[in-house]
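Enquirer: First the structure, then my questions, so here it is.
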Amino acid sequence: MSTYFQGIIILAGINLIAVLGLSLLTGFTGSFCFGQAGFLAVGAYVSTLMTMKLNMPFLISLSTGMMATGLISILLGYPTLKLKGDYFAIATLGFSEAIRLVIENLDKVTGGARGIPGIPTRTTLPLVILMAIIATVCIRFYVVSRHGRNCIAVREDETAAQSIGINTFRYKQISFFINGMLAGLAGGLLAHYVGFIQPSMFSIIKSTELIVMVIFGGMHSVTGATLAAVVLTALPEVLRTAAAWRLVAYGAVVVFIMVVRPEGLLGSWELSWTSLRVLWLSSSSRLRLLRKR
Amino acid sequence: MENAILNIINLTKHFGGVRAVDNFSLSLSEGSIQAVIGPNGAGKTTIFNLITGLYKPTAGEIFFTSQKIDNIDTFKIAEMGIARTFQNIRLFPEFSVLDNVRTACHLRANYSILEGLMPTPRRIQQEKQLKEFAMGLLRLVKLDSRADDNASSLPYGHRRRLEIARAIAIEPRLLLLDEPAAGMNPDETQKLMEFIAEIHKKFNLTILLIEHHMEVVMGLADHITVIDFGKTIANGTPDEIQSNPVVIAAYLGVGD
Chain W
147 MSTYFQGIII LAGINLIAVL GLSLLTGFTG SFCFGQAGFL AVGAYVSTLM TMKLNMPFLI
207 SLSTGMMATG LISILLGYPT LKLKGDYFAI ATLGFSEAIR LVIENLDKVT GGARGIPGIP
267 TRTTLPLVIL MAIIATVCIR FYVVSRHGRN CIAVREDETA AQSIGINTFR YKQISFFING
327 MLAGLAGGLL AHYVGFIQPS MFSIIKSTEL IVMVIFGGMH SVTGATLAAV VLTALPEVLR
387 TAAAWRLVAY GAVVVFIMVV RPEGLLGSWE LSWTSLRVLW LSSSSRLRLL RKR
Chain Y
259 MENAILNIIN LTKHFGGVRA VDNFSLSLSE GSIQAVIGPN GAGKTTIFNL ITGLYKPTAG
319 EIFFTSQKID NIDTFKIAEM GIARTFQNIR LFPEFSVLDN VRTACHLRAN YSILEGLMPT
379 PRRIQQEKQL KEFAMGLLRL VKLDSRADDN ASSLPYGHRR RLEIARAIAI EPRLLLLDEP
439 AAGMNPDETQ KLMEFIAEIH KKFNLTILLI EHHMEVVMGL ADHITVIDFG KTIANGTPDE
499 IQSNPVVIAA YLGVGD
C-alpha cells in the first residue's frame, strides 16, 4: 500500500476517534461542543512533551496525554456543564482558543507559535486501526447501555430526566470526560504521526471540521459519525485533482446534505443485525411489489 | 399526622413580587389519594415543582416520610420515591415507547460505566431484566403492542398513559399527577379514572393529584385541598368541598 494511501487511512482513523467522543457528547448527550481542537491540542502537546522531554515510551506518552485531557475536561466541566445550550458551546470555544494562546505563549516549554518539530513518528497504521475499532465498538455499546439511554434522556428533556432519578450533571460530566479522553488520544496519535505540531493546527477550523463530521453523519448515530469521519477525511484527497476548488466542493457537499437531510446522512440509524434484517426485508418486499406491477 | 408520608409545612414561594404559593400546608397519609384543586394560576403546579425540588422554597419545609427534602436535588428526590407527571406531558420524544419506560428503570440495574462500554454477562443479564420489567409495565398500560413505535407518534391519550407508566417505573411510593385528564373527553376520562384507581391499588401508591375535571377529583380523592392565589381556602372530603360556599365563590364568583 502506498504511504499516501496509508496516510489517508491514518488521518481518517485519528479523526474518527475525535469524532466519536464528540458524537457522544454533542449528538447523544446534547451538549454542543465547539472546542474539540483545544482537547486535541492538550493531548498532542502533553504526549509530545512526555516523549521528547522525558523520553517516555510511546504508549505511556499516549495514555498520559489521554489522562491529562480527561482531567481537564472534568475541571472545565464543573463550571460549564451547568450552562444551557449555546452558552456551553461558547464556553468550549473560549476554552479552545485559550488553550491555543497558552501554548503559543509558553515559549520555553512548547516552542511557542513555531511549534515542536522532530517528534518521533511512532503512530502506525495497525495501531490507529486497532484504536479506532476499539473506540467505535465501545461507544456503540455505550449508547445502548442504561448509561447511554440516560445520556439521551438528558438530551431529550433534562427536567423529565431528573424527575426519573437521573443525575443529569453527572452524565454530562461522564460524556465530557470520555470525549476528553478520546480527543486526547487522537491528539497524541496525530502528533506522533505528523512528527510536527504547532498551535495553528488546533484552531477553530479544526473544531469546525470535527463538529461538521458529527452533524453530517447524523447526530444520533455512531454509524453515521464513523462513516462521516472516513468519507469527509478522504473527500478533500479524492478531490485533490480539482486543486483549489476541492474545498469549495467539500463545502458544497456538506451544504447539500444539510439541505436535503437536516438530520444527517444516517439520522439515528445504526448498523446492527436487527437493522440490517429490517432493511433487507423492506427492500425485498419493495422489489416484489415492483415485479408484480 | 401519625402515618403521614408527605408533610408540607407553611410552604411559601415568591417569584419577584408574586406570591405563587403562600403559607401552604398539607399532610398526606400513606395510601391515600388527595387532590389539590383551584382556579388557573392558583399555584398548584408550583407546589409540585417545590415538592420535586425543581424550585427551592422561599420559606417553609417539606418532609417525605421523616426526611426533609426541600433542599435536595430533583434526581435524589426521585430516587427516594417521589415520581411525577407533567401538565404538558414531557416524554423523551425520540425514544421508542419501550425505551421511555426502560430508561426510567435504570435504578434497578447497577452495572458500571465501564460495563457500559462492553457487553459483559452481568450487563446482558441486567438489561434483559430491565426489558422484561418495562414490557410488564407497558402491558399494564396496554401499550405493549406499540413498544417499538416512536413515543412522539402516539395519540394524546396514550402519551398520558405512557408518562404515567414511566413515572411508576421508578417504583415510587408517592406519585404526583399534574392534570392527568387535561384535554380528554368524558369517555377517556372515565378510563383514566379506572386506570389510576387500578395502579393505586396494585403498587400501594399514595397519590397527590392536581385536576380541573371535577368528576375525576370527586370520584378518586379521599381528601381535597382547595387553593386560590397561593393560599389554602378550603380543606375536606369531597362532600364537604362541594357544599363549601368559599369554594363556590372562588370558582364561580360571588353573586349578589
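So the protein sequences, as listed, match chains W and Y.
Count along the first sequence starting at 1, add 146, and that's the number in my numbering.
Count along the second sequence starting at 1, add 258, and that's the number in my numbering.
Cβ coordinates follow ideal geometry from the N, Cα and C atoms, glycine included.
#1: Can you tell me the Cα-Cα spacing of Y/F453 and W/I156, whole angstroms?
#2: Sort W/M404, W/G413, W/V399 by Cα distance to W/T369 and report the nearest one.
#3: Report yes or no: is there a C-beta of chain Y within less than 8 Å of the C-beta of W/R437?
#4: If you run the structure through DSSP and keep just helix, strand and coil, what is W/S421?
#5: Could you check whether W/V290 and W/L335 sit closer than 8 Å to each other, using their CB atoms as the reference points?
#6: How many Å lie between Y/L269 and Y/I485 at the Cα?
#7: Is Y/L264 close to chain W, meaning its C-beta is less than 8 Å from at least one C-beta of that chain?
#8: Identify each residue in the region 371-388 of chain Y for which the Cβ-Cβ distance to at least one residue of chain W is less than 9 Å, and report them in chain order.
#9: Return the bridge partner residues of Y/L236 from the DSSP annotation.
#10: Here's a check: name, in chain order, each residue in its chain whose Cβ is nearer than 6 Å to the Cβ of W/M202, leaving out the five neighbours to either side.
#11: Identify the contact partners of W/L288 in chain Y, using a Cβ-Cβ distance below 7 Å as the criterion.
#12: Excluding sequence positions up to five away, which residues of its chain have a Cβ less than 7 Å from the Cβ of W/L168?
#13: Using the C-alpha atoms, what's the distance from W/A278 back to W/T149?
#14: Which of the three DSSP states is assigned to W/I312 in this structure?
#15: Of all the CB atoms in chain W, is at least one closer than 8 Å to the CB of Y/D436?
#16: To the nearest angstrom, how far is it from the Cα of W/G184 to the Cα of W/L162?
#17: Less than 7 Å between C-beta atoms, sequence neighbours within five positions excluded: which residues of the same chain meet that for Y/G339?
#18: When you compare the CB positions of W/K318 and W/T175, do they come within less than 8 Å of one another, or not?
#19: Within 10 angstroms of the Cβ of Y/R381, are there 16 or more other Cβ atoms? Answer buried if so, exposed if not.
#20: Quick check on Y/H416 - is its C-beta less than 8 Å from some C-beta in chain W?
#21: Three Cβ pairs or more, each shorter than 8 Å: is that satisfied between the region 434-448 of chain Y and the region 467-474 of chain Y?
#22: Rounded to whole angstroms, what's the CA-CA distance from W/Y339 to Y/Q345? Just pull it up for me.
#23: Kindly provide the ranges of any alpha helix (DSSP H) runs that are 4 or more residues long and lie completely inside the region 373-400 of chain Y, ordered along the chain.
#24: What does DSSP give as the partner residue(s) for Y/T490 in the beta ladder?
#25: Is there at least one Cβ from chain W nearer than 8 Å to Y/D445's Cβ?
#26: Measure the alpha-carbon distance for Y/L284 versus Y/P503 and round it to whole angstroms.
#27: Contact criterion: CB-CB distance below 8 Å. Does Y/A367 meet it with respect to chain W?
#28: Output needed for W/I249: all residues of its chain with C-beta closer than 7 Å, excluding positions within five of it in sequence on either side, in chain order.
#29: Please list, in chain order, the residues of the region 294-308 of chain W that have any C-beta partner in chain Y closer than 9 Å.
#30: In its own chain, which residues sit with a C-beta less than 6 Å from the C-beta of W/Y288, not counting the 5 before and 5 after it?
#31: Going along chain Y, which residues have a C-beta under 9 Å from W/S431?
#32: By the DSSP assignment, the alpha helix (DSSP H) with Y/D445 in it spans what residues?
#33: Can you give the beta carbon distance from Y/V355 to Y/L412, rounded, assuming they're within the 8 Å contact cut?
#34: Across the region 266-281 of chain Y and the region 488-496 of chain Y, are there enough close Cβ pairs to call them in contact, namely three or more that are closer than 8 Å?
#35: Less than 8 Å separating the beta-carbons of W/I245 and W/A337?
#36: Between W/C284 and chain Y, is any beta-carbon pair separated by less than 8 Å?
Expert: Judging by the given coordinates:
#1: In this structure, the alpha-carbon of Y/F453 lies about 58 Å from that of W/I156.
#2: With distances taken between Cα atoms, W/T369 lies closest to W/G413.
#3: No, W/R437 lies away from the interface with chain Y (no Cβ there is under 8 Å from its Cβ).
#4: In this structure, W/S421 counts as helix in the three-state DSSP scheme.
#5: No.
#6: The straight-line gap separating the alpha-carbon atoms of Y/L269 and Y/I485 is approximately 13 Å.
#7: It does not: the Cβ of Y/L264 has no partner Cβ on chain W nearer than 8 Å.
#8: So the close ones are I371, E373, G374, L375, M376, P377, R381, Q384, E385, L388.
#9: One cannot answer for residue 236 of chain Y here, as it falls past the ends of chain Y, which runs 259 to 514.
#10: Excluding residues up to 5 positions away in sequence, M196 lie with their Cβ nearer than 6 Å to the Cβ of W/M202 in the same chain.
#11: Leu is not the amino acid found at residue 288 of chain W; the sequence shown has Tyr there. Simply G374, L375.
#12: For W/L168, where only same-chain residues beyond five positions count, the Cβ hits under 7 Å are C179, Q182, N325, L356, I357, V360.
#13: Between the alpha carbons of W/T149 and W/A278 lies a distance of about 19 Å.
#14: In this structure, W/I312 counts as coil in the three-state DSSP scheme.
#15: Not an interface residue.
#16: The alpha-carbon atoms of W/G184 and W/L162 are separated by roughly 16 Å.
#17: Scanning its chain for C-beta atoms nearer than 7 Å, with the 5 sequence neighbours on each side dropped, one finds around Y/G339 the residues P430, R431, L432, in chain order.
#18: Contact: yes.
#19: In the assembly as shown, Y/R381 is a buried residue. Its beta-carbon has 16 or more other beta-carbons within 10 Å.
#20: Under the Cβ distance rule, Y/H416 does not count among the residues neighbouring chain W, no pair being separated by less than 8 Å.
#21: In this structure the region 434-448 of chain Y touches the region 467-474 of chain Y; the number of beta carbon pairs closer than 8 Å is three or more.
#22: Going by the C-alpha atoms only, they are around 56 Å apart.
#23: Runs found: 379-398.
#24: For Y/T490, the pairing in a beta bridge is given by DSSP as Y/I485.
#25: Not closer than 8 Å to any Cβ of chain W, the Cβ of Y/D445 fails to qualify, so no.
#26: Using only the alpha carbons, I get a separation of about 21 Å.
#27: Chain W, which has a Cβ nearer than 8 Å to the Cβ of Y/A367, makes this yes.
#28: Correct list, in chain order: A187, Y191, T256, P345.
#29: Those would be G294, R295, N296, I298, A299, R301, E302, D303, T305, A306, A307, Q308, in chain order.
#30: Same-chain partners within the cutoff: G294.
#31: Proximity of chain Y to W/S431 at the Cβ level (cut-off 9 Å) is not reached, the minimal Cβ distance being about 18 Å.
#32: It spans 444-460 - the alpha helix (DSSP H) in which Y/D445 sits, taken as one unbroken run.
#33: About 7 Å separates the two Cβ atoms, so the contact holds.
#34: With the cut-off at 8 Å, the region 266-281 of chain Y and the region 488-496 of chain Y touch.
#35: No.
#36: Contacts with chain Y at 8 Å (Cβ-Cβ) include W/C284.
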